[in-house]
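First to last, the protein sequences are chains G, X and E. FYI, the working numbering numbers position 66 of the first sequence as 582, with every residue one higher than the one before it. FYI, the working numbering numbers position 93 of the second sequence as 609, with every residue one higher than the one before it. FYI, the working numbering numbers position 117 of the third sequence as 633, with every residue one higher than the one before it. C-beta atoms are modelled at their ideal positions from N, C-alpha and C, and glycine is treated no differently. Worksheet for the structure shown next.
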Amino acid sequence: MNREFEIPVQGQGLYEITGKVEEAVLAAGKREALATVFIRHTSASLVIQENADPAVLRDLQTFLQRLVPENEPWYTHVEEGADDMPAHIKGALTQTHLSIPVVEGRLALGTWQGIFLWEHRHRRSSRRVVVNVLAGG
Amino acid sequence: MNREFEIPVQGQGLYEITGKVEEAVLAAGKREALATVFIRHTSASLVIQENADPAVLRDLQTFLQRLVPENEPWYTHVEEGADDMPAHIKGALTQTHLSIPVVEGRLALGTWQGIFLWEHRHRRSSRRVVVNVLAGG
Amino acid sequence: MNREFEIPVQGQGLYEITGKVEEAVLAAGKREALATVFIRHTSASLVIQENADPAVLRDLQTFLQRLVPENEPWYTHVEEGADDMPAHIKGALTQTHLSIPVVEGRLALGTWQGIFLWEHRHRRSSRRVVVNVLAGG
């Protein structure tokens, strides 16, 4: 019912993970259920957004960058790099988890919806995500 | 366990859907459960907020409008209208789903809490929302 | 499967409640499950953030204070005090609920993740939080 994935990331941006979540849902084999995606980090987050036009993802990234700039003089958490405190703030403004109903064995996403990991740090790394698929009693 | 609703909207603003969610919970007939509301769109979202004073909803709308203005010169996703990219950003800053415990057959909302669909586009349309009610094994 | 807690707060700030949620998970006695925390208020919210360096919490608080100041001339919901409308906005930008997978009887939090109640009003009070632990059928 719980599966953990490692998602490699190459710096800031949105990485689509819809396929990974679908895989976990298929493996669970439940027709009616609730799928929950949880990210085990506080400087990367999750969001459901349009997966059709890449310009949407680019503008989402630009907006968040402008809203939460690096090097604000009032930041006091600065030891881990200029992108670390902004990453925590961006995480707090977006999601640590997402739940999606499973209907007839499939995620009930709308036509244009994709599930994204939103990386807020510059460095390459890998992020751990848990997918939980729960069917009723 | 999953029910889909069509919610008609007349442009930007917050539309209370608590009654619709309660209806799905009553129909499920479970005393202890978890109700999850999911919106199948990326330019409208969900939020739990005060349903007593309409001024709260008005100020929420004004705040989001000022935080995410139309016609920013750096927007690159512009083909679908001046309100489209702001709508995606507003969606990313609020919720695509909400989960609420069901206690003794009722949503465990606080006294002043209502469930709202937050429409971010100007046009009239209708939005699809799925309510999932899950009881334990 | 549902437990309600009262969390005392002494004004604005982040209060860690990970221990309370763990308690409810242990009491439920399920090895594989989904834990959902829900706050029954609209002027306080929930967030998962780093629980290692207190400077992170301080900077999160400062950011939100600057993003949503008191006494904006355009606020119309002003009867309940200068901190009330900002509190609702801050609530809308963060979370009313959080769901966390339970793996082998424990919350699947990352090493540095803690669950926090984020109080947005100045006054001392106490907040009601429901923890729902759901195991599959």
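Please list, in chain order, all residues of the same chain as residue 560(G) whose beta carbon is under 8 angstroms from its beta carbon, the five residues on each side excluded.
When the five nearest sequence neighbours on each side are left out, the beta carbons in the same chain lying within less than 8 angstroms of the beta carbon of residue 560(G) are those of 525, 603, 607, 633, 634, 635, 636, 637, 643, in order along the chain.
Report the three-state DSSP secondary structure of residue 552(X) (helix, strand or coil).
Under the three-state reduction of DSSP output, residue 552(X) falls in the strand class.
Run down chain E in chain order and give the residues with a C-beta less than 7 angstroms from the C-beta of residue 615(G).
In chain order: 615.
Proximity test, Cβ basis, 9 angstroms: residue 523(G) and chain X:
Cβ-Cβ to chain X under 9 angstroms: no for residue 523(G).
Beta-bridge pairing of residue 617(X) - partner residues as DSSP gives them
550(X)
Test item: CB-CB of residue 651(E) and residue 652(X) under 9 angstroms
Yes, Cβ-Cβ distance for residue 651(E) and residue 652(X) is below 9 angstroms.
Express the C-alpha separation of residue 610(X) and residue 528(E) in angstroms, rounding to a whole number.
21 angstroms
Amino acids of chain E, ordered along the chain, whose beta-carbon sits closer than 8 angstroms to that of residue 554(G)
Near residue 554(G) (Cβ distances below 8 angstroms), the residues of chain E are 615, 616, 617, 624.
Endpoints, alpha helix (DSSP H) assigned at residue 541(X)
534-544
Interface residues of chain X facing residue 587(E) [CB-CB closer than 8 angstroms]
Those do not exist, as residue 587(E) stays about 13 angstroms from chain X at its closest Cβ, beyond 8 angstroms.
Run down chain G in chain order and give the residues with a C-beta less than 7 angstroms from the C-beta of residue 609(E).
Those within 7 angstroms of residue 609(E) in chain G are 609.
Go to residue 583(X), then tell me how far its alpha helix (DSSP H) extends in each direction, as first and last residue.
570-583
Verify the CB distance criterion: does residue 634(G) have a CB-CB separation below 9 angstroms to chain E?
no
Starting from residue 542(G), find everything on chain X with Cβ-Cβ shorter than 8 angstroms and list it in chain order.
Per Cβ cutoff of 8 angstroms: no residues; residue 542(G) is ~17 angstroms from chain X at best.
Contact under 9 angstroms by Cβ, residue 618(G) with residue 517(G)
no
Distance cutoff 9 angstroms, beta carbons only. Does residue 531(G) sit that close to anything in chain E?
no
Interface residues of chain E around residue 612(G) at Cβ under 7 angstroms?
564, 614, listed in chain order.
Mind checking if residue 572(X) is an interface residue toward chain E, Cβ cutoff 9 angstroms exclusive?
yes
Tell me, to the nearest whole angstrom, how far the beta carbon of residue 556(X) is from that of residue 646(X); I am working on the premise that it is less than 8 angstroms.
7 angstroms
When the cut-off is 9 angstroms and only beta carbons count, does residue 638(G) lie next to chain E?
no
Consider the Cβ of residue 598(X): report whether some Cβ of chain E lies at a distance smaller than 9 angstroms.
no
Between the C-alpha atoms of residue 612(E) and residue 543(G), what's the straight-line distance to the nearest angstrom?
30 angstroms
For chain G, find out if any of its Cβ atoms is closer than 9 angstroms to the Cβ of residue 511(E); answer yes or no.
Nothing about residue 511(E) can be reported from this structure: the residues present for chain E run from 517 to 653 only.
Which word fits residue 624(G), buried or exposed, when buried means at least 16 other C-beta atoms lie within 10 angstroms of its C-beta?
Label assigned to residue 624(G): buried.
Can you name the start and end residues of the alpha helix (DSSP H) that residue 603(X) belongs to?
Where residue 603(X) is concerned, the enclosing alpha helix (DSSP H) stretches over 600-609.
Using the Cα positions of residue 620(X) and residue 541(X), report the straight-line distance between them to the nearest angstrom.
11 angstroms
Determine the contact status of residue 615(X) and residue 552(E), defining contact as a CB-CB distance below 9 angstroms.
Yes; because the gap between Cβ atoms is below 9 angstroms, this pair is in contact.
Within a Cβ cutoff of 6 angstroms, which residues of the same chain sit near residue 631(G), ignoring the five residues on either side of it in sequence?
For residue 631(G), where only same-chain residues beyond five positions count, the Cβ hits under 6 angstroms are 533, 534, 537, 564.
For residue 593(G), which residues of its own chain have a beta-carbon under 6 angstroms away from its beta-carbon, when the five flanking residues on both sides are left out?
For residue 593(G), the CB contacts under 6 angstroms within the same chain, skipping 5 residues up- and downstream, are 601 in chain order.
Just to confirm, is the Cβ distance from residue 586(E) to residue 599(E) under 9 angstroms?
yes
Put residue 531(X) into one of helix, strand or coil per three-state DSSP.
strand
State yes or no: is the beta carbon of residue 580(G) nearer than 9 angstroms to at least one beta carbon in chain E?
Under the Cβ criterion of 9 angstroms, residue 580(G) is not counted among the residues facing chain E.
Answer yes or no: does any C-beta atom of chain X fall closer than 9 angstroms to that of residue 520(E)?
yes
State the start and end residues of the unbroken beta strand (DSSP E) segment that holds residue 630(X).
629-635
Taking residue 548(X) as the query, report the chain E residues whose CB atoms sit under 7 angstroms from its CB, ordered along the chain.
The answer, in chain order, is 517, 518.
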